[in-house]
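Take a look at the structure below.
Following this line, the structure appears as structure tokens:
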């Protein structure tokens, strides 16, 4: 078994129009820019994207939105240093937005990966974001019922991968990547290094390969923050 | 801040009669034998113990039960190579038993640590273990509502700890230890090595110190499996 | 009537047959005991990846006696080994793999399997100390749940039944049963016979089965290596 | 009436005051922006451990300009640094810390705080792009939720109110408010004034507060370093 794929284009080739796609990263940290750009090149549209944010500048997720590929965005915080692209699309009614509290977003994704169809959380109780959701009381406190969140695909950025898809991450670039890898039907990973089987200490594996379907090596991946400071635009 | 404690006796000193105590380990792997034996020496009784199993031979959890300290046991699998102690207590009606499916036990503990008061799982639907539990249907499938599980104390076995309580584990001895550390009001850790702050790579921390309250060093900890082959009895 | 104890497959032969249905790269959980034998019979050129509930993926075989590291065990508390690709994780992550549908196959033992796919394998309901372990999680988690079992109990009672009389492990979860006499699928509330030993007649097989065996075309011969 | 814009504390002074209530070894989450200043004013001999939602515990201060590693950022997407004791983890684990009650203190900004502890700090409800981030999780997770804020809005309206008119972030979650004029606790559905600037009268303070200020004995003087 070898999950490595030789090209970015090959890694995203089968993502169809209308797919739901989880995209890892918190802002630019851990954002799989090269996979996102490959998805732009690939041409799929009408996508539902799950990400913590809504893109920044004109690269990565912002570029995917700017190319008119995203029908609907599920995120916690669609603000950034340069949110022009998302804001324009949102104000023009060209993109749907579902706002989810960040911890609830993370837990819904983890629940999707863990086979938990629903759970209760105190988060958002009594707020507009709880409207229409079941409320239940446990031990005298009120909680909101939240549902799992799954996706057809996850685009994940890792630091190190082996051919079975065992992954490590770099610093805070971990964020949503491990849980999105769990929650997607097909998880596609860009790794800065692919090492032979046995190249990752079994104790240091963060994402076991069972959650990973495809791995492509992207050495020296771009950082969104750096690209935006350079005024980069994709494509 | 320094969470290290110099003696096993000091680490378990404040556990009162009637406390609920999560004990890490899966069989002997990851079982904090020295902490359990310190708890035997300390004398607390009428305990509710949460463990995957019910002890083996006459050391560790089996010894705690044999000393008549455990009123109630919550576990998934009270069988072992030598289950004499538990079986005798159970058949004599001297210990209460709550059987929980292993994955549900793990998830209930994780939920306790994560502030999730209840969740739904397909596990045990239609079986005797689901009796009396709420059932709800999601997307055409039936699920059981399960509640979080918390405890007053957790006894945890780690491989390496720093003074802030950051932990690593050794091989499959990880098992229930990290989630029990999350779910207890006070988590007490025995570590084979205590290293200075910075001695654990930030990427390799399995349990961040926020989940840990006390750390005691136990170099060359005993293995239940080895003790039982030697016919050891505690105390 | 044939004396089935004379013709039935050994556990090794049943395990061999079950192993033939596991594709290369499949993620597989094998129940404690007899199902663990399946790992020994992977066809040449295929390599399944084994999961064990206590937090290990892609582990290696048992070490030589005396070489055990008791921090490195499987769900049966037997010593296993690390190999290139092994990963360790905690119990909640381990059962996220199970419950989240990430395992391709779980192969379990059984007291009884009903024609609607119900499985009873954790309690005979006759008192004693109850113990469930991870079985109830596995049966609702893996994409495919198969059973390896003798076709009948020690005293000759059918294990394949219309309805389980023992406490259930899971409802409607089993899709294929590898027995000492046959390979039987569960489909739409029926047992469908796929393969049977050539040396047992349909009538004799039906006689030791507690529910009607349907056929979907003629069943194929169940052929396994003689020497196992 | 006193011109409060002349006498009020600076943000640094408010942050300083909030920092005095954080004990050594406390686990603390500071909201994006102004609340982050609290980290600068830890009293000598105390060391809080800071948590950031995106999966870092016990991080160090911002690096020198030009030394940023953009894989190492905080929830405000500002560069931070690793120090001895730092731990990285994923987002579900990070919010397990938050929701699970493992943080000792969360200090957040506010549009409005009501006398029953309700907090509004995520949306003014006036259109624009909504964005909530982790605020709704933090207010129901940390053992103690405090607010640092100017006492009034830019146009002089009270931010401490009988009832929030803006969309809520959380119900009954705030227990202490550090404002530019006072330190006020929320107790049993009331604001209880604990400290006020000596240079403002009770009447003037009440006049810029949208709900009754109760006292529990005389309020102490709110004294902070002059030079911040």
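Chains as they are written, first to last, in our numbering: chain A, 12 to 246; chain B, 12 to 246; chain C, 788 to 1015; chain D, 788 to 1015.
Even for Gly, the Cβ is constructed at its ideal location relative to N, Cα and C.
*Measuring only between beta-carbons, confirm whether residue 129 (chain B) sits less than 7 Å from chain A.*
For the purposes of this step, residue 129 (chain B) is identified with residue 118 of the second chain, where counting begins at 1. Yes, residue 129 (chain B) lies at the interface with chain A (some Cβ there is under 7 Å from its Cβ).
*Segment limits, alpha helix (DSSP H) that includes residue 67 (chain B)*: As a first step, residue 67 (chain B) must be located in the second chain, where it is residue number 56. Note, residue 67 (chain B): premise wrong, no alpha helix (DSSP H); not H, not E.
*Since residue 186 (chain B) meets chain D, which of its residues come closer than 9 Å, beta carbon to beta carbon?*
Taking the first residue of the second chain as position 1, residue 186 (chain B) is located at position 175. Result: empty, since nearest Cβ-Cβ is about 17 Å, beyond 9 Å.
_Expected contact under 8 Å - CB spacing of residue 191 (chain A) and residue 165 (chain A) to nearest Å_ = As a working mapping, residue 191 (chain A) is identified with position 180 in the first chain. As a working mapping, residue 165 (chain A) is identified with position 154 in the first chain. At roughly 4 Å, the Cβ-Cβ gap stays under 8 Å, so residue 191 (chain A) and residue 165 (chain A) are in contact.
*Consider the Cβ of residue 219 (chain A): report whether some Cβ of chain C lies at a distance smaller than 7 Å.*
Looking up residue 219 (chain A) in the first chain gives position 208. Residue 219 (chain A) counts as touching chain C.
*Can you find at least 3 beta carbon pairs, one from the region 211-223 of chain B and one from the region 146-154 of chain B, that sit closer than 8 Å?*
no
*Three-state secondary structure assigned by DSSP to residue 236 (chain B)*: As a first step, residue 236 (chain B) is located in the second chain; it is residue number 225 there, counting from the start. Residue 236 (chain B) falls in the helix class under three-state DSSP.
*Considering only residues of the same chain and omitting the five flanking positions on each side of residue 913 (chain C), which have a CB-CB separation below 7 Å?*
Here residue 913 (chain C) refers to the residue found at position 126 when the third chain is read from its first residue. None.
*Report yes or no: do three or more beta-carbon pairs, one from the region 136-144 of chain B and one from the region 131-138 of chain A, lie closer than 8 Å?*
no
*Cβ distance (whole Å) where residue 873 (chain D) is taken to contact residue 213 (chain B) below 8 Å*: Taking the fourth chain and counting its residues from 1, one reaches residue 873 (chain D) at position 86. Taking the second chain and counting its residues from 1, one reaches residue 213 (chain B) at position 202. With a Cβ gap of about 4 Å, residue 873 (chain D) and residue 213 (chain B) count as contacting.
_Out of B:51, B:162, B:64 and B:176, which one is the CA nearest neighbour of residue 112 (chain B)?_
Start at 1 with the first residue of the second chain, and residue 112 (chain B) comes out as number 101. Selection B:51, B:162, B:64 and B:176 evaluated against residue 112 (chain B) yields B:64 as nearest (Cα-Cα).
*Helix, strand or coil for residue 3 (chain A) per DSSP?*
In the structure as shown, chain A starts at 12 and stops at 246, and residue 3 (chain A) therefore has no counterpart that could be examined.
*residue 194 (chain B) and residue 123 (chain B): beta carbons closer than 7 Å?*
For the purposes of this step, residue 194 (chain B) is taken as residue 183 along the second chain, with counting starting at 1. For the purposes of this step, residue 123 (chain B) is taken as residue 112 along the second chain, with counting starting at 1. It is a contact, given that the beta carbons lie within the stated cut-off.
*Label residue 232 (chain B) either buried or exposed according to how many other C-beta atoms from any shown protein chain fall within 10 Å of its C-beta, with 16 as the threshold for buried.*
Here residue 232 (chain B) is taken as the residue at index 221 of the second chain, counted from 1. Answer is buried; the Cβ neighbour count reaches 16.
*Counting pairs of Cβ atoms below 8 Å between the region 233-240 of chain A and the region 897-905 of chain C, do you hit three or more?*
no
*Just confirm the distance between the C-beta atoms of residue 803 (chain D) and residue 1012 (chain D), as a whole number of angstroms; I'd bet it's less than 8 Å.*
Your numbering for residue 803 (chain D) matches position 16 in the fourth chain. Your numbering for residue 1012 (chain D) matches position 225 in the fourth chain. About 6 Å separates the two Cβ atoms, so the contact holds.
*Nearest-angstrom Cα distance between residue 223 (chain A) and residue 993 (chain C)?*
One-based indexing of the first chain puts residue 223 (chain A) at position 212. One-based indexing of the third chain puts residue 993 (chain C) at position 206. Using only the alpha carbons, I get a separation of about 44 Å.
*chain C contact for residue 104 (chain B) (CB, 7 Å cutoff)*: As a position in the second chain, residue 104 (chain B) is number 93, starting the count at 1. So, not an interface residue.
*Neighbouring residues, chain B, relative to residue 179 (chain A) (Cβ below 8 Å)*: In the first chain, the residue the question calls residue 179 (chain A) occupies position 168. Within 8 Å Cβ-Cβ: 214.
*asked:* Below 8 Å on the Cβ atoms is my contact criterion, and I expect residue 931 (chain C) with residue 962 (chain C) to pass it. Report the Cβ-Cβ distance as a whole number of Å.
replied: Numbered from its first residue, the third chain carries residue 931 (chain C) at position 144. Numbered from its first residue, the third chain carries residue 962 (chain C) at position 175. About 6 Å; that satisfies the 8 Å criterion.
*Got a sec: is the Cβ-Cβ distance from residue 930 (chain C) to anything in chain B below 7 Å?*
Position 143 of the third chain holds residue 930 (chain C). Not closer than 7 Å to any Cβ of chain B, the Cβ of residue 930 (chain C) fails to qualify, so no.
*Spatially closest choice to residue 983 (chain C) from C:810, C:995, C:956 and C:863, by CA coordinates*: Along the third chain, read from residue 1 onward, the residue named residue 983 (chain C) stands at position 196. Checking every option, the nearest Cα to that of residue 983 (chain C) belongs to C:995.
*asked:* Quick check on DSSP: helix, strand or coil for residue 115 (chain A)?
replied: Translated into the one-based positions of the first chain, residue 115 (chain A) becomes position 104. Here residue 115 (chain A) sits in helix by DSSP.
*asked:* Suppose contacts are defined by Cβ-Cβ distances below 7 Å. Is residue 949 (chain D) in contact with residue 893 (chain D) by that definition?
replied: Translated into positions along the fourth chain, residue 949 (chain D) becomes position 162. Translated into positions along the fourth chain, residue 893 (chain D) becomes position 106. One thing to note: residue 949 (chain D) has its Cβ no nearer than 7 Å to the Cβ of residue 893 (chain D).
*Anything in the region 124-151 of chain A with a Cβ closer than 8 Å to a Cβ of chain F? List those residues in chain order, please.*
Annotation note: the requested chain F is absent from the structure, which comprises protein chains A, B, C and D.
_Do residue 816 (chain D) and residue 890 (chain D) have their beta-carbon atoms positioned less than 7 Å apart in this structure?_
Translated into positions along the fourth chain, residue 890 (chain D) becomes position 103. Translated into positions along the fourth chain, residue 816 (chain D) becomes position 29. Yes; because the gap between Cβ atoms is below 7 Å, this pair is in contact.
*Enumerate in chain order the residues of its own chain whose CB-to-CB distance from residue 751 (chain C) is below 8 Å, with the five nearest sequence positions on each side excluded.*
Given that chain C is displayed from residue 788 to residue 1015, the structure contains no residue 751 (chain C) and the question cannot be resolved.
*asked:* DSSP three-state label for residue 203 (chain A), please.
replied: Numbered from its first residue, the first chain carries residue 203 (chain A) at position 192. Three-state result, residue 203 (chain A): strand.
*Where do the N-terminal and C-terminal ends of the alpha helix (DSSP H) with residue 840 (chain C) fall, by residue?*
Within the third chain, numbered from 1, the residue matching residue 840 (chain C) stands at position 53. Counting along the chain, residue 840 (chain C) falls outside any alpha helix (DSSP H), and DSSP gives it neither H nor E.
*If you measure beta-carbon to beta-carbon, which residues of the region 860-883 of chain C are closer than 7 Å to chain A?*
869, 871, 872, 873, 874, 875, 876 and 883
*Any chance you could list the beta strand (DSSP E) runs of at least 3 consecutive residues sitting entirely within the region 109-191 of chain B, in chain order?*
129-132, 146-149, 152-158 and 162-172
*asked:* Please return the same chain residues whose Cβ sits closer than 6 Å to the Cβ of residue 244 (chain B), not counting the five positions on each side in sequence.
replied: Locating residue 244 (chain B) in the second chain gives position 233, counting from the first residue. Closer than 6 Å at Cβ, skipping near neighbours: 69.
*asked:* Looking at chain C, is there any beta carbon in it that lies within less than 7 Å of the beta carbon of residue 191 (chain A)?
replied: Residue mapping note: residue 191 (chain A) aligns to position 180 of the first chain, counting from 1. Interface residue (Cβ-Cβ distance to chain C less than 7 Å): residue 191 (chain A) is not classified as such.
*Reduced DSSP category for residue 804 (chain C) - H, G, I as helix; E, B as strand; rest coil*: Counting from 1 along the third chain, the entry for residue 804 (chain C) is found at position 17. Looking at residue 804 (chain C) - three-state DSSP - the assignment turns out to be helix.
*Could you work out which residues of chain B lie near residue 844 (chain D), taking near to mean beta carbons separated by less than 8 Å?*
Along the fourth chain, one-based indexing puts residue 844 (chain D) at 57. Simply 219, 220 and 221.
*Which residues, taken in chain order from the region 89-119 of chain B, show a beta carbon closer than 9 Å to some beta carbon of chain C?*
89, 90, 91, 92, 94, 97, 98, 101, 102, 108, 110, 111, 112, 113, 114, 115, 116, 117 and 118
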